[in-house]
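Read through the structure below, which is laid out as structure tokens, and then see the notes.
Protein chains in written order, with the numbering used here: chain A, 5 to 537; chain B, 65 to 351; chain C, 195 to 523.
Structural data, given as structure tokens:
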């Protein structure tokens, strides 16, 4: 039986045609993934299902079990009761002033008219169902007392509280770490099985939908360019765009032969503590240890990948390597000299995560790139800058443009050009592609690889994304709680991981092959049965 | 830019500009009217009714004369603009100077400097400006030029807000990756501060300073109203309003003229500040 | 919690100590000679010498300050001619002008200023929040524009101008109200309120603009937050969203501001009190400044400091009670 049927949906915001003739259908109890890059209209579609789009014009038909959702139905009976939504940002999606239990109970009472007591009990019940430990006690906690993953669980609990027939999850794991992402996806899968609700999963990540959906629709420019069973579409894509998306997924490269290892950068027992603010207490609180005794070596021309989840100290480590953050203990030497004593850092450069924040909004991109050249004593840097711009794939006219006039991918190219300007021997890249769309990400990644081949600099590539590192890194260091728990050649770390955390990370990586995704899910269930973080 | 199409801002800017012009050309305007602000005209007062002016507007005294003294109102009002606008602008300039220096020093200096300066800024911010200004004006050297003294006292008590905003913005700006990038390219501290951080402060400081002008104007008028501002015979709108309290039964016009002028001028500066804020910095709502 | 309170009180004590040193230093070491002022008109060199000894102004400064502190905490004795006059703690000295103990003067004037501040604050909160809500909901375009205009006008109006106009209108022209004259609350609450109505209104007219702006911004910001969207997606009725969530979020910044503003209004009531002839602390200060009556000026300053410190502490506690994310340790 068809539960949801979308026919020729159009959504306009002013002049923007966000959704342009979209059609799809979803069986009761089934699961459908909608995949697309930013601006493809996938989120607009999700919000339209619940009539949450203000200031937009829609036409077409959204048939939900006989009701047309575009004809302004009785939303009270639908929102939360029939269709429940799980949002992207668990941090802000819950009311900070109300306890988790009270928020779930409020929604339940609203739709069922149950007594306060019954609603509270239902809240505890669903919190247990999403594997929140000690749900009776945790129901009295406020959102800020939950971790990101637990908040997303709480939101899913709220979604299933009224036993809806459709759960819409809009990028439910984008803000989460990869291991937590895997847990949340597993949970959504489990909830779908146990409640019989249909699932509409929206994501930019092919790997996220691969293991969790039966059917998939690939969206671009507000249209479905391809749709069908997940196994079919992701394994034998027909449309060029789907192929390009799949091609953009990073893939392993054969190991490079770097010749003789000549050490360039050495880290010796590097440690970083951040003092905690003394809040009127007499005793000074113990400092937070961000990086805890890291020893490693980077050879000339080599690429070292550093992987870790948020808060593992990888960014702090990266900044210490370029001399931006002073060390608490230990030593970093570059080419034999202590990095703290070096007068200029220009032979080590950095590419930052957020290309918008890394460019001064008040200066043209050309000026930003010219700066290091001027400091090296070059009088007229413009020809060099233009050459650099064209090397990273930008037009010479970009020199006089401001950062906000460029797209994210273009800005990151500018960031790379600036790093190249002083002809460095080592470039540290801190999550350089994680804020970019999949196809742009692939292009920037290729650019970095090409430049590395051509110019022969050593590269330290920090990322949370194991797939990206597998493509670009010669060796990989896995970080957890400020320490390097595993370090070795890329193939070795991926194929025969030794540390349990590395194994957990690898099992959590989303893969685009649906069969492999299902296999990994079963593997995860066996290794760590439902655990909440 | 859309600011030039904002009606509120434009009206405010034109009136504010006019007031600044009046302030600058006050002696000229008074000379044009053929009057000054000190000469008494007893002959124009009705001594039977306690000194209320006999005639209102006239060709000789454009806006009539002051009750009790018979001094020319037009001359006193335009010279009043000089005090009102002059003191407010001077105080604002000083405040921005103090605030910017303290804020940048706190934001870029070490942890101890920041902690110390932040305490001072908090203290200055929590001080009720009027109470302290009233008290301070009692003990300062009385032989300084009074308007300069007023501007200095107002500025000494009022730089806290600018300093806090500057410090906050500086702290945010220095964590930006482009500042790190500039350091990596070998730029020294001072160059980084000058080229990467200071330009970013212009907008928030400008919008805040625009709001300080009417605020300082109110403080000056209040101090003069309390009789602790400028000294007679120098005229100020606040002081005229204060003396008007004794005349408002007999001569309501005497309340109305300086009151309306003060309100109009203030409103025009507020409109300018509000327009700037809305167009340049929508986050920061003035208090 | 107890630990927090103890720390907070200790912290406040330190702040007050520093403040007293600053104020004392500032005013007693200022160029004007306090002894000469106390001595008054027709002062002979002999009398001046006597006064200097009596006031102890020839002692080293730290010793003078120590005496001053001692007076605050334990009381102190003043030589008065041949006699000794005991000034009980907290002793702030005697007024140069009236020779009354400053502490008694302050206690006498405080209720007036407090009545003024409290009433004005309540009135401005009611008007400000109401107007801010109307503007924040953006239901009625006209109301929104009107409130916005009033907010700007509120910023552009000095309190004494409002007071003057109100006096002119209600006491002179319409003659609906008598000219304000302070009547203690304990004597006749009705007369107390009637006489304070105009001062309250003129203070509130300005202050309400601030609250209206804060409320409006708060409501609009909260309504744009993600959790409001969640509530809508789960079918929570719009009315409930407004009253339970948006208003709650908007009130939060107001808590801090209000507590501090009570102190602010009280201390800046200088103008209102002078204009309406209310015998409050502000009027006392203006009089004292005109006469360069230093003990009174210092007394008012210290009282002001105390009020601000207390109000800030109260604001922090209230805020922590209202926002579960803030923890008091």
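Each residue gets a CB set at the ideal place from its N, CA and C atoms; glycine is no exception.
Small disclaimer: the values here were computed from a predicted structure and weren't measured.
A direct Cα-Cα distance of roughly 13 angstroms separates residue 245 (chain B) from residue 322 (chain A). Counting along the chain, residue 352 (chain A) sits inside the beta strand (DSSP E) bounded by residues 352-355. Collapsing the DSSP output to three states places residue 361 (chain A) in coil. Contact annotation: in the region 302-325 of chain C, no residue has its CB less than 9 angstroms from a CB in chain B. Judged by DSSP secondary structure, residue 233 (chain A) falls within the beta strand (DSSP E) whose first and last residues are 227-233. Between the alpha carbons of residue 481 (chain A) and residue 492 (chain A) lies a distance of about 7 angstroms.
Using a Cβ distance threshold of 8 angstroms, residue 302 (chain B) and residue 230 (chain B) do not count as a contacting pair. In the three-state scheme derived from DSSP, where H, G and I count as helix and E and B as strand, residue 166 (chain B) is classed as helix.
Within chain C, the residues 420, 421, 423, 424 have their CB atoms less than 8 angstroms from the CB of residue 97 (chain A), given in chain order. Linking residue 71 (chain B) to residue 335 (chain B) through their CA atoms gives a straight-line distance of about 10 angstroms. For residue 319 (chain A), the uninterrupted alpha helix (DSSP H) segment begins and ends at 318-325.
Setting aside the 5 residues that flank it on each side, residue 58 (chain A) has no residue in the same chain whose C-beta is closer than 7 angstroms to its C-beta. Against chain A, the CB of residue 263 (chain B) has a partner CB under 8 angstroms away; the residue lies at that interface.
Taken atom to atom, the span from the alpha-carbon of residue 159 (chain B) to that of residue 452 (chain C) is near 26 angstroms.
Contact note: residue 178 (chain B) does not reach chain A at a C-beta cutoff of 7 angstroms; the least C-beta distance is about 12 angstroms. Per DSSP, the continuous alpha helix (DSSP H) segment holding residue 317 (chain B) begins and ends at 316-344.
In this chain, the alpha helix (DSSP H) harbouring residue 485 (chain C) covers 475-485. Among the residues facing chain C, residue 154 (chain A) is not included, as its CB has no counterpart in that chain under 8 angstroms away.
Counting only residues of its own chain and dropping the five nearest sequence neighbours on each side, residue 319 (chain B) has a CB closer than 6 angstroms to the CB of 308, 312. Residue 317 (chain C) and residue 464 (chain C) have their C-alpha atoms some 19 angstroms from each other. In this structure the region 498-506 of chain C lies against the region 444-459 of chain C, because at least three pairs of beta carbons, one per stretch, are closer than 8 angstroms. Residue 515 (chain A): not part of any alpha helix (DSSP H); DSSP gives it neither H nor E. The Cβ of residue 428 (chain C) sits closer than 8 angstroms to at least one Cβ of chain A.
Contacts with chain A at 8 angstroms (Cβ-Cβ) include residue 248 (chain B). With a cutoff of 8 angstroms on beta-carbon distance, residue 477 (chain A) and residue 494 (chain A) are scored as near each other.
Taking a Cβ-Cβ cut-off of 9 angstroms, the neighbours of residue 495 (chain C) in chain B comprise 195, 196, 199, given in sequence order. DSSP places residue 203 (chain A) in the strand class (E or B) of the three-state scheme. In this structure, DSSP gives residue 365 (chain C) a helical state, which the three-state scheme calls helix. In this structure, DSSP gives residue 307 (chain C) a helical state, which the three-state scheme calls helix.
Between residue 469 (chain A) and residue 439 (chain A), the C-beta spacing is not below 8 angstroms.
Assignment of residue 494 (chain A) by DSSP, reduced to helix, strand and coil, places it in the helix class. Under the Cβ criterion of 8 angstroms, residue 134 (chain A) is not counted among the residues facing chain C.
In the structure shown, residue 107 (chain A) adopts helical secondary structure according to DSSP, grouped into three states. Note on the region 107-193 of chain A: whole beta strand (DSSP E) runs with a minimum of 3 residues are 170-174, in chain order. Short of 7 angstroms from the beta carbon of residue 516 (chain C), and not among the five residues preceding or following it, lie these beta carbons of its own chain, in chain order: 446, 449. Chain order gives the chain C residues near residue 327 (chain B) as 350, 351, 355, where near means a beta carbon separation below 7 angstroms.
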